[in-house]
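**Q** Submitted below is the structure of interest, expressed as structure tokens.
There are 2 protein chains.
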Amino acid sequence: MWIAELSRRTEVPVATIKYYLREGLLPAGESVGATRSRYGEAHVHRLRLIRALVESGGLSLARVRSVLAEVDEESLELHDVLGAAHSALIPDDLTATAESRRRVDELVVEHGWLVHPDSRDLLLLAGALDALDKVGYHLEDDLLETYAVAATKIAEAEVSHLPTDDRQRIVESGVLVTALGGPILLALRRLAQQNASANRYGTSRLSHLNHPPAGRA
Amino acid sequence: MWIAELSRRTEVPVATIKYYLREGLLPAGESVGATRSRYGEAHVHRLRLIRALVESGGLSLARVRSVLAEVDEESLELHDVLGAAHSALIPDDLTATAESRRRVDELVVEHGWLVHPDSRDLLLLAGALDALDKVGYHLEDDLLETYAVAATKIAEAEVSHLPTDDRQRIVESGVLVTALGGPILLALRRLAQQNASANRYGTSRLSHLNHPPAGRA
Chain A
1 MWIAELSRRT EVPVATIKYY LREGLLPAGE SVGATRSRYG EAHVHRLRLI RALVESGGLS
61 LARVRSVLAE VDEESLELHD VLGAAHSALI PDDLTATAES RRRVDELVVE HGWLVHPDSR
121 DLLLLAGALD ALDKVGYHLE DDLLETYAVA ATKIAEAEVS HLPTDDRQRI VESGVLVTAL
181 GGPILLALRR LAQQNASANR YGTSRLSHLN HPPAGRA
Chain B
1001 MWIAELSRRT EVPVATIKYY LREGLLPAGE SVGATRSRYG EAHVHRLRLI RALVESGGLS
1061 LARVRSVLAE VDEESLELHD VLGAAHSALI PDDLTATAES RRRVDELVVE HGWLVHPDSR
1121 DLLLLAGALD ALDKVGYHLE DDLLETYAVA ATKIAEAEVS HLPTDDRQRI VESGVLVTAL
1181 GGPILLALRR LAQQNASANR YGTSRLSHLN HPPAGRA
């Protein structure tokens, strides 16, 4: 297909597609003459992946680039399928106190998790605990444990739902569920917080949603 | 204290403090003569809150400004304590299909959650489900339910840990736990995903962490 059809099918403007091509996020099409190229289903697919990561995952283009590099890295071992998006989702400049790092390491040991010992999430986590401490809010052990137990259940469900057929599909699904499952989980948590807060502090302004109009079942 | 001491105590550069003052994120100090001002403990506290939201919460200054506006809004009802940070954490341009909106509404109804019927999280959630569908990854009902159950447990624990004494402290703690609890939860989930992925696909590269060195207990 020509670039106009690629644009129509993906709802991505032609100028944006050309930008992604120049930036190397999207592989070049097949050259037809000096100025035109043809594109295929792989381009449709890749464009949709980029848009999902940018629009719903909230990733910058630089982050998307490193995620895609990992998706395309055939030598990546399959157990790293879910790690592919991880480094791209974590800021670069992380620091934490030794005390918080010990607290995080202990948590991981207690849960028996297999993790990369130099995983930047360990540092990110410790840094966030430090940041809370610094403003006078100490995250209690039992709340941290609640997070860890919930995270375990979520991660197990997510990984068990990954496809098993095709390497590329497993990697892409892993990236998607990591990048977009995050916003989904946090949105659900905020809704549940509204409910918990209403139950604790009382409210007249919130209400149960009405059952959605018929027509779905 | 003078601005230099405020800077020293909060580890925020003087130039940054002056920028926050100009932008109205930090209230002005008490004027002493034409060019000098004195600052108090409230300024230390507010600066630390801003830095925690920016550095660990990942909020832009514009988002921080709207969070602080809600924190300072005395007329805000207490049950909205946890809602204070919410709108600031959600992007502005949200759309979703009616089908996904119905799916989200049904989920909320089934869980009996009290929520603002026009909460933007409902739309954010539906939009994220659409984005996954669009790239050919349908989030199955049982995985969505796993997210919702985990979100409920997390939210209840978070709200039950909020202080009860002072209105300002409740609101600030609610903002902090919402903004920083998110990155903490997502980091734990990525670590748990590493473990789940290693268990499913096998690995030679991951390892259990060693017990942290003694000296903590």
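As they're listed, the protein sequences go chains A and B. All residue numbers for the first sequence refer to our numbering, where the first residue is 1 and numbers rise by one. All residue numbers for the second sequence refer to our numbering, where the first residue is 1001 and numbers rise by one. Here a beta-carbon is modelled for each residue, glycine too, at the ideal position from N, C-alpha and C.
(1) Any C-beta of chain B sitting closer than 8 Å to the C-beta of K18/A?
(2) Can you name the residues of chain A whose CB is closer than 7 Å to the CB of V1159/B?
(3) Please classify R51/A as buried or exposed, where buried requires at least 16 other C-beta atoms within 10 Å of its C-beta.
(4) What is the rounded straight-line gap between the Cα of A4/A and the Cα of V54/A?
(5) Taking Cβ to Cβ, would you say S173/A is nearer than 8 Å to P163/A?
(6) Out of Q168/A, K134/A, A148/A and E106/A, which has the shortest C-alpha to C-alpha gap to H1045/B?
(7) Considering Cα atoms alone, identify which of R190/A, A179/A and A98/A is closest to G58/A.
(8) According to a CB-to-CB cut-off of less than 7 Å, which residues of the stretch 1032 to 1049 of chain B neighbour chain A?
(9) Check whether chain A comes within 8 Å of D1121/B, counting only Cβ atoms and requiring the distance to be less than that.
(10) Figure out for me which residue from R1065/B, G1112/B, V1067/B and E1073/B has the closest Cα to the Cα of L191/A.
(11) Look at the alpha carbon of A1096/B and the alpha carbon of G1040/B, and state the distance between them as a whole number of angstroms.
(12) List the endpoints of the continuous alpha helix (DSSP H) containing E1106/B.
(13) Under a three-way DSSP split, which group does V1032/B fall into?
(14) How about E1043/B and L1061/B: are their beta carbons less than 8 Å apart?
(15) Listing by chain order, which chain B residues have their CB less than 7 Å from the CB of L186/A?
(16) So, with DSSP's three-state summary, where would you put S1060/B?
(17) Nearest chain A C-beta to A1151/B closer than 8 Å, yes or no?
(18) Where does V115/A sit, in a helix, a strand or coil, going by DSSP?
(19) Which residue from S197/A, D130/A, I154/A and L143/A puts its Cα closest to that of R1048/B?
(20) Are any of the Cβ atoms in chain B nearer than 8 Å to that of A214/A?
(21) Between which two residues does the alpha helix (DSSP H) containing L122/A stretch?
(22) Using a 10 Å radius around the Cβ and a threshold of 16 neighbouring Cβ atoms, would you call H138/A buried or exposed?
(23) Is it true that the CB of A157/A sits closer than 8 Å to the CB of Y1186/B?
(24) Is R167/A buried or exposed, if buried means 16 or more other CB atoms sit within 10 Å of its CB?
(25) At the 8 Å Cβ level, is R1065/B part of the contact set with chain A, yes or no?
**A** So, to answer that:
(1) Reading the first sequence from its first residue, position 18 is the one you call residue 18/A. Answer no: the Cβ-Cβ gap between K18/A and chain B never drops below 8 Å.
(2) As a first step, residue 1159/B is located in the second sequence; it is residue number 159 there, counting from the start. Simply Q193, A196, S197 and R200.
(3) Counted from its first residue, the first sequence places residue 51/A at position 51. Flag for R51/A reads buried.
(4) On the first sequence, position 4 is the one that residue 4/A refers to. On the first sequence, position 54 is the one that residue 54/A refers to. Their backbone Cα atoms lie some 21 Å apart in a straight line.
(5) Position 173 of the first sequence holds residue 173/A. Position 163 of the first sequence holds residue 163/A. Yes, these two residues count as a Cβ contact at 8 Å.
(6) Residue 1045/B sits at position 45 when you count from the first residue of the second sequence. Out of Q168/A, K134/A, A148/A and E106/A, K134/A has the C-alpha closest to the C-alpha of H1045/B.
(7) Against the first sequence, residue 58/A aligns to sequence position 58. The shortest Cα separation from G58/A among R190/A, A179/A and A98/A belongs to A179/A.
(8) R1048 and L1049
(9) Position 121 of the second sequence, counted from the first residue, corresponds to residue 1121/B. Yes - at least one Cβ of chain A is within 8 Å of the one on D1121/B.
(10) Numbered from 1 along the first sequence, position 191 holds the residue referred to as residue 191/A. The shortest Cα separation from L191/A among R1065/B, G1112/B, V1067/B and E1073/B belongs to G1112/B.
(11) Looking up residue 1096/B in the second sequence gives position 96. Looking up residue 1040/B in the second sequence gives position 40. So the two alpha carbons sit approximately 47 Å from each other.
(12) In the second sequence, counting from the first residue as 1, residue 1106/B sits at position 106. That run of the alpha helix (DSSP H) goes A1098 to H1111.
(13) By one-based count along the second sequence, residue 1032/B stands at place 32. Of the three classes helix, strand and coil, the one that applies to V1032/B here is strand, per DSSP.
(14) One-based indexing of the second sequence puts residue 1043/B at position 43. One-based indexing of the second sequence puts residue 1061/B at position 61. Checking the sequence, you will find His at residue 1043/B rather than Glu. Contact: no.
(15) The count along the first sequence starts at 1 and reaches residue 186/A at position 186. Neighbours of L186/A on chain B, chain order: G1182.
(16) Against the second sequence, residue 1060/B aligns to sequence position 60. Coil, per DSSP.
(17) Numbered from 1 along the second sequence, position 151 holds the residue referred to as residue 1151/B. Chain A, which has a Cβ nearer than 8 Å to the Cβ of A1151/B, makes this yes.
(18) Translated into the one-based positions of the first sequence, residue 115/A becomes position 115. V115/A: strand per DSSP, three-state reduction.
(19) Within the second sequence, residue 1048/B is the residue found at index 48, counting from 1. Of the candidates S197/A, D130/A, I154/A and L143/A, the one whose C-alpha sits nearest the C-alpha of R1048/B is D130/A.
(20) As a working note, residue 214/A is residue 214 in the first sequence. Confidence in A214/A is poor, its pLDDT being 48 and thus under 50, which makes the residue's placement unreliable; the coordinate value appears in the next sentence. No, no contact with chain B.
(21) By one-based count along the first sequence, residue 122/A stands at place 122. That run of the alpha helix (DSSP H) goes R120 to K134.
(22) Along the first sequence, read from residue 1 onward, the residue named residue 138/A stands at position 138. Exposed.
(23) Walking along the second sequence from the start, residue 1186/B turns up at place 186. Walking along the first sequence from the start, residue 157/A turns up at place 157. According to the sequence displayed, residue 1186/B carries Leu and not Tyr. No; because the gap between Cβ atoms is not below 8 Å, this pair is not in contact.
(24) By 1-based counting over the first sequence, the position of residue 167/A is 167. Label assigned to R167/A: exposed.
(25) Here the question's residue 1065/B lines up with position 65 in the second sequence. Not one chain A Cβ lies under 8 Å of R1065/B.
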